[in-house]
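Protein chains in written order, with our numbering: chain A, 1 to 255; chain B, 1001 to 1255.
Glycine included, C-beta positions come from ideal geometry on N, C-alpha and C.
Model, not experiment: these values are computed from the prediction.
Some notes on the structure that comes next.
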DNA sequence: CGGCCTTTTGAATGTCTTCAAAGTGCGTGG
DNA sequence: CCACGCACTTTGAAGACATTCAAAAGGCCG
């Protein structure tokens, strides 16, 4: 479980990840950026496997993922698990603008994580949206984008083959991480065991393993030790029917 | 396509469906209920197959489903289709509280439908929430519940067998319709072809057909001409791992 | 070096899909 | 009123896709 550090997935928090991400959706003022960076002052570290949010827990303390990966998931009584969403560096989680909301799923850390208290951000856009127009717009766009990712997930799992699914998943992670500068055009660090990926993709570990091998054999990706290299991103996108989601009328870039 | 009327799925709009549904989530004042019922004054009818919302369309005219069924879906280039959600009588759709949002999916009518303009409701809770506390709370709860249904859908499709999936689906529809008085304890009208259900459940029509037969053979359901009778609801819920979602701390009843 | 987690492999099995065709029910038009 | 057409459901058979079980190989840490 301690291979992550070696991957360049250092746990050193980068205070500007969220500013970088939100800038894709709205122009942020200097004060807004300062607010985002100030969140880094109150951080917590948690070990891999820590339950960050319990199912049913009241969503009153929104957090920002500063470093590491987490996921939202549900488990059936017999142990089958479905992962709904991965929470990446720069992502908000437990962040719900509705009052009195309750967590619909549990959230656990998949790697060691550093998280920050995001309630100043929540307060800014709920109590004083007028003076934070950029943050407000960007956070709303984020909510929309999250819904779009969930729908993508459903299409993958419901209607795509293992091969397409896996390709699509890698592309989506690459896209999301590149929004915070953590992925290049053609390579991503994905610090997940194949078991975890399988639980997200609705596949068995064994079959996911074989599917990855097939993608490798077809010269589409390299995948060693958590580093994925996309050898033919364009081809991969065709196979996966991958397309960048459009969330608002004016989003500056939804990709 | 004109079998629906025979099913008791008459297209006569019932102005109180949404009031009935929202009452499950908050106490509504007389004025709030009046507002809801006044929505029925501006209705439109659309034939089955009509595209009610185009993907990418600006979400500026929220609507209320008064009668009939619709769905949100996406199609892959080769024709495979995934249905994300069914829109039932009493449901809001195209209803997004974020400004400048855009439809992430298309919405089409599956039966003849009657819809009403819901913008007075949207205005009430965005411009003047303070005087509509019940509506506001209930609509927020609705948004949460919709997310919960989407997550259920993902679990079904990602981790459940065809048999479990189908059982779970029927129970969920029964639950949702019973909130608007359109389903009894042990029976529901589901005006969908098996092809449509299959597209929601991520199955082929043929396999769904066989799965339904298996549920019948096992004395769990009867299913003739769109009417589903649950012979052993309790047993069915066990098979499907069905449980009613909990959306807010104080929801009066999420089932 | 030894232990544990993760990845990989093989083989058998099961689930689900596909293709093709027959059966059924309902509305329309003759 | 019956016959026909069309959409939907049902059936059979073959094959593809994915899972399961079991075990071996690889990598990392103490």
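Classified as buried, residue 23 of chain A has 16 or more neighbouring CB atoms from the shown chains inside 10 Å of its CB. Burial check for residue 198 of chain A: the Cβ neighbour count within 10 Å reaches 16 or more, so the residue is buried.
For the pair residue 144 of chain A and residue 167 of chain A, the Cα-to-Cα distance works out to about 23 Å. The alpha-carbon of residue 26 of chain A is positioned some 36 Å away from that of residue 224 of chain A. When the Cα atoms are used, residue 229 of chain A and residue 236 of chain A turn out to be separated by approximately 12 Å. When CB distances to chain A are screened at a threshold of 7 Å, the residues of the stretch 1120–1141 of chain B falling below it are 1140, in chain order.
Residue 246 of chain A belongs to the set of residues whose beta carbon lies under 8 Å from a beta carbon in chain B. Around the beta-carbon of residue 1051 of chain B, fewer than 16 other beta-carbon atoms lie within 10 Å, marking it exposed.
Taken through DSSP and simplified to helix, strand or coil, residue 1131 of chain B comes out as helix.
In the three-state reduction of the DSSP assignment, residue 179 of chain A falls in the coil class. As the crow flies, the alpha-carbon of residue 62 of chain A is around 39 Å from that of residue 1067 of chain B. Per DSSP, residue 1082 of chain B lies in no alpha helix (DSSP H); the unbroken beta strand (DSSP E) holding it starts and ends at 1081–1087.
Of the candidates A/204, A/152, A/239 and A/195, the residue whose Cα lies closest to the Cα of residue 221 of chain A is A/239.
Counting along the chain, residue 1199 of chain B sits inside the alpha helix (DSSP H) bounded by residues 1194–1201.
Residue 1054 of chain B sits in coil when the DSSP states are folded into three classes, being neither helix nor strand. Proximity of chain B to residue 105 of chain A at the Cβ level (cut-off 7 Å) is accounted for by 1151, in chain order. Within chain A, the residues placing a beta-carbon under 9 Å from that of residue 1056 of chain B are 246, ordered along the chain. Within its own chain, the residues whose Cβ lies closer than 6 Å to the Cβ of residue 94 of chain A, once the five positions on either side in sequence are excluded, are 53, 59, 62 and 63, listed in chain order. In chain order, 221 place their CB closer than 6 Å to the CB of residue 215 of chain A, counting only its own chain and leaving out the 5 sequence neighbours on each side.
Separation of residue 88 of chain A and residue 1014 of chain B (C-alpha to C-alpha, rounded to the nearest whole angstrom) is 45 Å. Our two residues, residue 129 of chain A and residue 1211 of chain B, have alpha carbons roughly 51 Å apart in a direct line. By the CB criterion at 8 Å, residue 122 of chain A and residue 135 of chain A fall outside the cutoff. Secondary structure remark: continuous beta strand (DSSP E) runs of at least 3 residues inside the stretch 1090–1169 of chain B, in chain order: 1106–1109 and 1113–1117. For residue 1035 of chain B, the enclosing alpha helix (DSSP H) starts and ends at 1030–1038. In the DSSP annotation of this structure, residue 1230 of chain B is not part of any alpha helix (DSSP H); the continuous beta strand (DSSP E) holding it starts and ends at 1227–1230. Between residue 1084 of chain B and residue 97 of chain A, the gap from beta carbon to beta carbon reaches 8 Å or more. Shown here for residue 138 of chain A: same chain residues with a beta carbon closer than 6 Å to its own, the five before and five after excluded, namely 22, 25 and 26 in chain order.
Look at residue 1206 of chain B: its C-beta is not under 8 Å from any C-beta on chain A.
Not a single C-beta of chain B is nearer than 8 Å to the C-beta of residue 176 of chain A. Neighbours of residue 1077 of chain B across chain A, judged by C-beta separation under 8 Å: 241. Interface criterion met: the Cβ of residue 82 of chain A is under 8 Å from a Cβ in chain B. At a C-beta separation below 9 Å, residue 144 of chain A has these neighbours in chain B: 1096, 1098, 1101, 1102 and 1104. With respect to the 8 Å criterion, residue 1242 of chain B and residue 1177 of chain B are not classified as neighbours on the basis of their beta carbons.
Setting aside the 5 residues that flank it on each side, residue 1019 of chain B is surrounded in the same chain by 1033 and 1036, each with a C-beta closer than 6 Å to its C-beta; the list follows chain order.
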